[in-house]
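Residue numbers (the working numbering), protein chains in the order written: chain F, 56 to 208; chain G, 56 to 208; chain E, 56 to 208.
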Amino acid sequence: MSAETKLKEMGLEVPAAVKPVANYVSAVRTGNLVFLSGQGPFRKDGTLITGKVGADLTLEEGYEAARRVALGLLGSLKAEIGDLDKVQRVVKLLGMVNCTPDFTDQPKVINGASDLLVEVFSDAGKHARSAVGMNALPMNISVEIEMIVEVED
Amino acid sequence: MSAETKLKEMGLEVPAAVKPVANYVSAVRTGNLVFLSGQGPFRKDGTLITGKVGADLTLEEGYEAARRVALGLLGSLKAEIGDLDKVQRVVKLLGMVNCTPDFTDQPKVINGASDLLVEVFSDAGKHARSAVGMNALPMNISVEIEMIVEVED
Amino acid sequence: MSAETKLKEMGLEVPAAVKPVANYVSAVRTGNLVFLSGQGPFRKDGTLITGKVGADLTLEEGYEAARRVALGLLGSLKAEIGDLDKVQRVVKLLGMVNCTPDFTDQPKVINGASDLLVEVFSDAGKHARSAVGMNALPMNISVEIEMIVEVED
Numbered sequence: 056m057s058a059e060t061k062l063k064e065m066g067l068e069v070p071a072a073v074k075p076v077a078n079y080v081s082a083v084r085t086g087n088l089v090f091l092s093g094q095g096p097f098r099k100d101g102t103l104i105t106g107k108v109g110a111d112l113t114l115e116e117g118y119e120a121a122r123r124v125a126l127g128l129l130g131s132l133k134a135e136i137g138d139l140d141k142v143q144r145v146v147k148l149l150g151m152v153n154c155t156p157d158f159t160d161q162p163k164v165i166n167g168a169s170d171l172l173v174e175v176f177s178d179a180g181k182h183a184r185s186a187v188g189m190n191a192l193p194m195n196i197s198v199e200i201e202m203i204v205e206v207e208d
Numbered sequence: 056m057s058a059e060t061k062l063k064e065m066g067l068e069v070p071a072a073v074k075p076v077a078n079y080v081s082a083v084r085t086g087n088l089v090f091l092s093g094q095g096p097f098r099k100d101g102t103l104i105t106g107k108v109g110a111d112l113t114l115e116e117g118y119e120a121a122r123r124v125a126l127g128l129l130g131s132l133k134a135e136i137g138d139l140d141k142v143q144r145v146v147k148l149l150g151m152v153n154c155t156p157d158f159t160d161q162p163k164v165i166n167g168a169s170d171l172l173v174e175v176f177s178d179a180g181k182h183a184r185s186a187v188g189m190n191a192l193p194m195n196i197s198v199e200i201e202m203i204v205e206v207e208d
Numbered sequence: 056m057s058a059e060t061k062l063k064e065m066g067l068e069v070p071a072a073v074k075p076v077a078n079y080v081s082a083v084r085t086g087n088l089v090f091l092s093g094q095g096p097f098r099k100d101g102t103l104i105t106g107k108v109g110a111d112l113t114l115e116e117g118y119e120a121a122r123r124v125a126l127g128l129l130g131s132l133k134a135e136i137g138d139l140d141k142v143q144r145v146v147k148l149l150g151m152v153n154c155t156p157d158f159t160d161q162p163k164v165i166n167g168a169s170d171l172l173v174e175v176f177s178d179a180g181k182h183a184r185s186a187v188g189m190n191a192l193p194m195n196i197s198v199e200i201e202m203i204v205e206v207e208d
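Next up, the structure:
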């Protein structure tokens with residue numbers, strides 16, 4: 056099943072690309088690789104999910120935030136390549152969790168993004184990744200993820 | 056206008072490549088991509104800008120530190136490829152700000168680097184990026200940035 | 056001397072690939088590049104080295120942890136490409152040290168990984184890298200490193 060069809064079946068709407076908050080762009084393609092800028096978790100209403108996981112957010116809320124980030128990254132990717140069915144492979148995520156120094160479940164938070172990508176792209180969605188804790192993120196967003204994707208010629 | 060000419064017009068001198076502080080190198084080229092090691096902010100006199108943004112440094116001082124890092128990265132890039140006019144595209148920055156846990160303006164700090172790169176390379180300088188907060192950086196430097204650049208064959 | 060021979064000479068056994076703790080994979084190859092997931096430091100007995108460097112671990116213990124991570128990364132790489140002699144170049148490390156906010160010797164910790172890679176691969180092991188401090192890592196591991204490697208066609 057195509058990624059575009061799968062997203063429809065899941066009832067998920069890929070948002071428009073996030074507008075960068077400064078002098079940079081959401082995505083750069085070089086050869087067959089697309090490097091996507093780090094993004095935060097936008098709710099459907101366009102507001103940001105903020106706060107530190109382990110203090111202000113539960114693990115479950117962190118997971119949902121990471122899922123929202125992944126959906127937003129697909130929006131930026133679609134704006135760059137036109138059609139998500141051109142994705143050959145999700146190569147790599149760097150998943151960064153805004154958290155307290157004693158929080159150690161970053162992988163379970165970033166699973167929110169990883170699970171979505173595998174649901175949408177199946178085997179082509181299986182990526183390398185790091186999931187780590189940050190002491191501070193822009194605008195106090197709870198999760199920031201950057202992504203590298205291999206696309207068709 | 057060429058990047059080299061633009062730098063002269065801006066009155067900016069690209070420094071010599073920073074000598075790595077350990078068993079690694081400043082830059083590795085693979086295919087058309089150059090991966091640059093993370094660097095800190097050197098002042099013109101060769102000393103490092105240190106301290107946490109939000110506590111020891113203001114936002115403006117952080118911005119200036121990020122600009123100094125970008126200039127240093129161009130020094131390492133020039134040492135690797137010989138001529139900055141061979142740059143096809145600045146692909147990606149990971150901008151890391153040494154800051155307090157409640158600091159949330161990392162994008163405004165890393166703009167110091169992004170703005171310089173766009174000034175020097177125009178559209179080819181527009182990159183993907185992440186700007187995030189770190190609880191600690193080497194030698195207590197205020198900003199560390201690593202960069203990926205696409206260069207001519 | 057080949058990397059495989061060198062490892063034997065050093066008396067080092069490359070472990071089996073670490074099983075990812077979630078919905079992702081240890082390595083993704085795209086073109087000639089292999090992107091390896093961030094990994095933690097496993098002791099020979101399979102337990103993880105945990106705690107914050109500067110509080111729970113000394114610098115020397117951090118160095119040893121980083122060395123263990125590098126060995127584990129070689130295990131994941133070997134599982135992906137079959138033979139470590141196919142390595143053309145270690146391109147890039149992102150070395151993340153779980154540490155207190157006042158710890159500033161991240162480069163000396165990550166040298167544990169860099170030194171091992173240069174011992175094993177000689178000049179082909181010389182990589183670009185960043186070495187930075189994190190406020191929290193998964194399962195409280197002391198060091199996490201992700202790696203990009205260029206391999207033969």
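Cβ coordinates follow ideal geometry from the N, Cα and C atoms, glycine included.
Small disclaimer: the values here were computed from a predicted structure and weren't measured.
Taking a cut-off of 8 Å for Cβ pairs, the stretch 169-185 of chain F and the stretch 141-157 of chain G do not touch, as fewer than three such pairs fall below it. Around G:G188, the beta-carbon contacts reaching into chain F at under 9 Å are N153, M189, N190, A191, L192, P193.
In this structure the stretch 63-75 of chain E lies against the stretch 85-100 of chain E, because at least three pairs of beta carbons, one per stretch, are closer than 8 Å. In the three-state reduction of the DSSP assignment, G:M194 falls in the helix class, which pools H, G and I. The alpha carbon of F:T102 has as its nearest neighbour, out of F:G86, F:V124, F:G66, F:G180, the alpha carbon of F:V124. Assigned with DSSP and collapsed to three states, F:E135 falls in helix. Partner residues in the beta bridge of G:M202, as assigned by DSSP, are G:L91, G:L148. Each of F:D208, F:A186, F:A191, F:E59 was checked against the Cα of E:E201, and the nearest Cα belongs to F:A186.
Taking 8 Å as the upper bound for CB-CB distance, F:L114 and F:V164 are in contact here, some 7 Å apart. The DSSP-derived three-state label of E:F97 is strand. Just measuring C-alpha positions, the residue of F:G106, F:L148, F:G86 sitting nearest G:P156 is F:G106. Taking each of G:M194, G:V204, G:P162 in turn and checking the Cα distance to F:Y79, the smallest one comes out for G:P162.
Burial is judged here by how many other beta carbons sit within 10 angstroms of a residue's own beta carbon; E:D160 has at least 16 and is buried.
Taking 7 Å as the threshold, the shortest C-beta distance from F:N78 to chain G falls below it.
In the structure shown, F:G66 falls within a coil segment according to DSSP collapsed to helix, strand and coil. Our two residues, F:A82 and F:G109, have alpha carbons roughly 31 Å apart in a direct line. Contact between E:G188 and G:A191 holds: their C-beta atoms lie close to 3 Å from each other, under 8 Å. For F:S185, there is no enclosing alpha helix (DSSP H); the enclosing beta strand (DSSP E) covers residues 183-189.
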